[in-house]
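Shown next, in structure tokens, is the structure this report addresses.
Number of protein chains: 4
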Amino acid sequence: MGERLKIGIIGAGRIGKLHAENIVRNVPKAELVAIADIFADQIKEWADELGIHAVTKNYKDILNNPEIEAVLICSPTNTHADFIIEAAKAGKHIFCEKPIDLSVDKVKAALDAVKAAGVKLQIGFNRRFDHNHKAVREAVVEGRVGKPHIIQITSRDPAPPPIEYVKSSGGLFLDMTIHDFDMARYLAGSEVEEVYAAGAVLVDPAIGEAGDIDTAVITLRFENGAIGVINNSRKATYGYDQRVEVFGSNGSAEDQNDTPSTRILSTADGIIGEKPKYFFLERYNDSFVEEIKEFVDAVINDTDPPVSGEDGLKPVLIALAAKKSLEENRPVKIHEIENSI
Amino acid sequence: MGERLKIGIIGAGRIGKLHAENIVRNVPKAELVAIADIFADQIKEWADELGIHAVTKNYKDILNNPEIEAVLICSPTNTHADFIIEAAKAGKHIFCEKPIDLSVDKVKAALDAVKAAGVKLQIGFNRRFDHNHKAVREAVVEGRVGKPHIIQITSRDPAPPPIEYVKSSGGLFLDMTIHDFDMARYLAGSEVEEVYAAGAVLVDPAIGEAGDIDTAVITLRFENGAIGVINNSRKATYGYDQRVEVFGSNGSAEDQNDTPSTRILSTADGIIGEKPKYFFLERYNDSFVEEIKEFVDAVINDTDPPVSGEDGLKPVLIALAAKKSLEENRPVKIHEIENSI
Amino acid sequence: MGERLKIGIIGAGRIGKLHAENIVRNVPKAELVAIADIFADQIKEWADELGIHAVTKNYKDILNNPEIEAVLICSPTNTHADFIIEAAKAGKHIFCEKPIDLSVDKVKAALDAVKAAGVKLQIGFNRRFDHNHKAVREAVVEGRVGKPHIIQITSRDPAPPPIEYVKSSGGLFLDMTIHDFDMARYLAGSEVEEVYAAGAVLVDPAIGEAGDIDTAVITLRFENGAIGVINNSRKATYGYDQRVEVFGSNGSAEDQNDTPSTRILSTADGIIGEKPKYFFLERYNDSFVEEIKEFVDAVINDTDPPVSGEDGLKPVLIALAAKKSLEENRPVKIHEIENSI
Amino acid sequence: MGERLKIGIIGAGRIGKLHAENIVRNVPKAELVAIADIFADQIKEWADELGIHAVTKNYKDILNNPEIEAVLICSPTNTHADFIIEAAKAGKHIFCEKPIDLSVDKVKAALDAVKAAGVKLQIGFNRRFDHNHKAVREAVVEGRVGKPHIIQITSRDPAPPPIEYVKSSGGLFLDMTIHDFDMARYLAGSEVEEVYAAGAVLVDPAIGEAGDIDTAVITLRFENGAIGVINNSRKATYGYDQRVEVFGSNGSAEDQNDTPSTRILSTADGIIGEKPKYFFLERYNDSFVEEIKEFVDAVINDTDPPVSGEDGLKPVLIALAAKKSLEENRPVKIHEIENSI
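One line per chain: the protein sequences are P, D, G and C, in this order. Mapping of the first sequence onto UniProt numbering: residues 1 to 341, in sequence order. Mapping of the second sequence onto UniProt numbering: residues 1 to 341, in sequence order. Mapping of the third sequence onto UniProt numbering: residues 1 to 341, in sequence order. Mapping of the fourth sequence onto UniProt numbering: residues 1 to 341, in sequence order.
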């Protein structure tokens, strides 16, 4: 294929803009053809500077454009499933931000539409493409840690999101831990069977008043016998704490936080290293480019995208099980969630 | 008190010998007067070389010796409670290895006897005296991590004990995790209310056949709202993995494994550091000296020993709750255990 | 200036291509208008893919193009000075790769031409823009290490260059250490007065036969009293070793190598981290973008470029002093070199 | 040998006391029989507590005691050579603190006396027995770094000694760097041929007024072609900085500073590790025990002591060459020093 993959973006908020800039600057095999956003007027100048002049308020302009082969769905979560269904019907390959939806029914409907249309679907679990986590995963795949016994994930944000976001996001498990649920499956190479979640409101009472928690330790049981544990906080004063470890029969592989520099200051006050990179845009910057490159490659070469629709469904199930576990203070099987729907 | 504290040891197995050598060589304020062991003949030569000539088969020779002010109980676990009771009645101050007993009733009887006699009792949770864990604890006490939110403990042995030991030890929670339960309380500065334990047999099926597990992730809920998580394995191929972390409102304090040297080899094969110190005798070597020094100081200065009888009871309760949690796959409150006795 | 700075590149070898790609993808304020290379035919396809269609064999096409405001000189070292002179006469701002020339006379002639023309000149000492070294420098500038006492630079390549390159490069001091001489000045914030160089042929006898050395330790005396020391090797089997340290009256600031990931593998073989990023293209990747961005900013905002022509001259003088020191096995003052010309 | 080696100590200042306590507590194969010190009265209480009752003002009481097999010479440097000669004549094996003497003639006379008497002599270069440096040395001996190319030693004290000490110590090279000169030979496995020393007074002008320097970078040329470099400071605000690196044809081995604990604090202020152990008594504590153990073993087993008289002479020659180099600002060959005597 001498040509570049022609892409349209639906939704140009923070993450949509990020993908747009990455495609233009760092994904030579793709061409960004058009952008749809309901606030089209407000993004004109930004799009112009990027060299994208086809900006529309109507996402149908993207789906009806026969030149466009693939779409990136970067709109709010509650629109994802509908856009996937429409895009699939329009014959477009789809990259969709996570989560697909907070409702398992809607997720399944979206996956069915994708299957029926025979288009490709990749979910935006970008952390799989992070250089550190990927290196840990490679150690597992190469057998260097042996059979996985314990998967441990530390995932803490530098500061809580606005309370308004907390109210509509589906809560910690669905907006934040969902990445960790995906990471746990990716690292363990096995499916989660059961979840036990312990949660607390320790960072900000307002989060509790909004019906959510801000601190959690979640235990996972995997089909292959391994045990997983995730610890989350909405607020780590020292910055974005993102570390994983796989401990197995031959040893362990773990990674550490990335820092802006490797500088070490030694003074009378102590030996002082740099804090982690501030937040996900800094820490996972390269992974956002990488996931799009792999999506583009999958479409061009007609191979399976590295993060499937099924990979989009499973973490939602785990998150719902975690919610139920927290509410009822008992371990909850994934099957319970699947069967209750 | 210008004189040195006169000590007798009951039980000269591995740990009893270790304490004996430490007292002679590294605890100037104490004098080891006599040693009792049912295999007295077999330890004569070792004791002679150490300069201790009063070796007896009969522990009563220690308790009846009016010169002896304090005893170290280093005999098998199932004799601890009885020896504590007899020693208390004999008016001796007591240092007893952990756990006091696997039965809560017997532990309470021993503590009652100590209280009635007005003698001092210290339990051998030596890890509290480890330079690394102590430094983490100090950061908590000084308020440098703020209010504790998550206490995380990694505790993995280099290799499983003999199956015979597994059969009689009370199991992983009572022989191994019991140290971590104490550490969790020590670091959190709060009592455990509820336990959820996930366990598995991943290291050796023979351990499962003996009725125990070899891999575990245990979640703790503390009275102050903090959440604790301990991960255990009977076998870490890279050695004794002993790390703790306290994450709180102001930041986190964590420690790393000690290594025989700080050497780093950089070759075409990678950047290679040393494995952790092999096992508890190497890693916690100094802490065994430190705990005896502090016990001797507490007796000499008539202050409270740093690890109380209550500190000996609590981890047994937590371990029993963990066992019940594992059996019934549900969170178990400590009160359930206390009330069921 | 609403417009983007229009740039032409002279010389599209490895480094010229790198700058071209960086400008197109990562320097939004600049526009790459044309490229000149004597092997224009061979770079056509590459340039086309980059979207640059003005490719010429004749560098004069660049200098005579009135649209072009600035040129990047990326041709072989022995052409730098002449191109600088011609470009300056043509009124172009100039970014020139290091070193300007191996002859101090030619360097001075080039600097004179730049001065006469009133254009801007920046030299390609990209390491100043490395996130690690820059962070060390910032610690110095902010006074966190106090008055500098010792500047220590470790600079080792993963493998020696081809012998043909060694024969024409001017030798280790002029092709490799020259970066370190610049770094030393940058970190010390002071000029070098005297140099003592100890060198050896330990990596490959062929390098010795070509009249060069492959291993060196160079001592620098700075005007502010500080002492510098650089250690060089043409071959570090573990990869590109690039570390600096400034030790001063208040403490030290040092950096460590960058690695492809932060993964640590713990197995029975040891605790294994990743080797440094392979070579300069990987390690200093971002710094190449950064230096061009700052050059473009300097031209657009009419400020001084961050690496001046003088900064291009000084390291050449130090390198020539180091050569003389090695030949005569004695400390050599920079003034000796300046006066001997 | 069922018996323990009977030892006398001459000189019970700080280092003599340290050895005395180590022998009593940590060297089971030796017995400390008597101590001589001109201020015998002042050390009585300390010696009593240690269980040593034979304390004398007259060192001859030690040398004339037929029971004593070996002596430790811990008196001021200017008495070392004479005591060695007398002790050798008395047939005692000798452990002597470094340096033997500041005069090469006196050193040689002492070594001749030892040779004539056929007794064993070990010099107190304790750093060879440090767990970190020893591990680096082992990597060299095992061939893991290949042929040594560059030996780099960082050796900085936390604070300068009193000016009175500076005036009489022989200066930085003879009182401080002498340890590093020994370490360089130990790590390189080769003899130093030539020295170039750059020095400065940057810490305290009073040191300069006393005729000494407080900051130095010293380049060494070894017989095997390797190059060594030592950097020294009298004052590192962050503590005792003691690191070595051997870089060779197969890679490098380096060590890092020891710290009181491995704790890492992560707060809004940064990621903060512990400072190095404060000074030589803390950092090199175990090495002082180890060197005596090996001395005792060498005497008991009639093998060569691990640090020979020759090992005591060489660093003095290197230090004198460094002094001459500093005075004359030129590289100085060791042969120059040897021949000038």
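No residue lacks a Cβ here, since even glycine has one placed at the ideal position from N, Cα and C.
In this structure, Val145 (chain C) places its C-beta atom within 9 Å of the C-beta atom of Asn250 (chain C). Contact of Gly251 (chain D) with chain C by beta-carbon distance below 8 Å involves Leu265, Ser266, Thr267, Ala268. Beyond the five residues adjoining it in sequence on each side, Tyr240 (chain D) comes within less than 8 Å, by CB distance, of Arg156, Asp157, Pro158, Asn257, Pro276, Lys277, Tyr278, Phe279, Phe280, Glu282, Arg283 in the same chain, given in chain order.
Counted as a single uninterrupted DSSP element, the beta strand (DSSP E) harbouring Phe222 (chain D) occupies residues 215–222. By the Cβ criterion, the stretch 120–132 of chain C is in contact with the stretch 302–320 of chain C, since at least three pairs of Cβ atoms, one from each stretch, lie closer than 8 Å. Under DSSP, Arg156 (chain P) shares a beta bridge with P:Ser233, P:Asp241. Between Ser266 (chain C) and Phe83 (chain D), the alpha-carbon positions lie close to 45 Å from each other. The beta strand (DSSP E) runs lying completely inside the stretch 23–86 of chain C and spanning 3 residues or more are 30–36, 70–73, given in chain order. Under the 9 Å criterion on CB atoms, Glu138 (chain G) is classed as non-interfacial with respect to chain D.
In chain order, Phe288, Val289, Ile292 place their CB closer than 8 Å to the CB of Asn22 (chain C), counting only its own chain and leaving out the 5 sequence neighbours on each side.
In this structure, the straight-line span from the alpha carbon of Thr215 (chain P) to that of Val27 (chain C) is close to 52 Å.
Pairwise C-beta distances place the stretch 92–104 of chain P out of contact with the stretch 219–230 of chain G, as fewer than three of them are shorter than 8 Å.
The alpha-carbon separation between Asn301 (chain P) and Val140 (chain G) amounts to approximately 51 Å.
Within a 10 Å sphere around the beta-carbon of Ser340 (chain G) sit fewer than 16 other beta-carbons, which makes this residue exposed.
Beta bridge pairing from DSSP links Ser252 (chain D) with D:Phe247, C:Ser266. A Cβ-Cβ contact shorter than 9 Å links Pro331 (chain G) with Arg221 (chain G).
Asp258 (chain G) has a beta carbon lying within less than 9 Å of a beta carbon in chain P. Interface flag for Ile153 (chain C) against chain P is unset, since no Cβ pair is found closer than 9 Å.
Phe83 (chain D) does not reach chain P, its nearest Cβ partner there being about 38 Å away, counting only Cβ pairs nearer than 9 Å. When the five nearest sequence neighbours on each side are left out, the beta carbons in the same chain lying within less than 7 Å of the beta carbon of Val246 (chain G) are those of Val136, Val140, Val145, Pro148, Ile151, Leu187, Ser252, Ala253, in order along the chain. Around the CB of Asp37 (chain G), 16 or more other CB atoms lie within 10 Å, so the residue is classed as buried.
In terms of Cα proximity to Ile318 (chain P), the closest of P:Leu63, P:Glu194, P:Glu328 is P:Glu194. Excluding its 5 nearest sequence neighbours in each direction, Thr259 (chain D) has C-beta neighbours in its own chain below 8 Å: Gly273, Glu274, Lys275, Pro276, Lys277, listed in chain order.
With 16 or more other Cβ atoms from the protein chains shown falling within 10 Å of its own Cβ, Ile153 (chain D) counts as buried. Counting only Cβ-Cβ distances below 8 Å, Asn132 (chain G) has contacts in chain P at Ser261, Thr262, Arg263, in chain order. In the assembly as shown, Pro76 (chain P) is an exposed residue. Its beta-carbon has fewer than 16 other beta-carbons within 10 Å.
Chain C places a beta carbon closer than 9 Å to that of Glu254 (chain D), counting this residue as a contact. Contact between the stretch 320–334 of chain G and the stretch 169–184 of chain G is present: three or more C-beta pairs spanning the two stretches fall below 8 Å.
When DSSP states are grouped into helix, strand and coil, Tyr278 (chain C) belongs to the coil group.
Apart from sequence neighbours up to five positions away, no residue of its chain approaches Gln42 (chain C) with a beta-carbon distance below 8 Å. With respect to chain C, the C-beta atom of Asn231 (chain D) has no partner C-beta closer than 9 Å. Contact residues of the stretch 105–136 of chain P toward chain D are absent (C-beta to C-beta distance below 8 Å). Assigned with DSSP and collapsed to three states, Gly170 (chain C) falls in coil, not helix or strand. Nearest neighbour of Ser190 (chain P) by Cα position, chosen from P:Ala198, P:Ala197, P:Tyr196, P:Phe181, turns out to be P:Phe181. In the DSSP assignment, Gly273 (chain G) is bridged to D:Ile271. Per DSSP, the unbroken alpha helix (DSSP H) holding Ile178 (chain D) starts and ends at 177–188.
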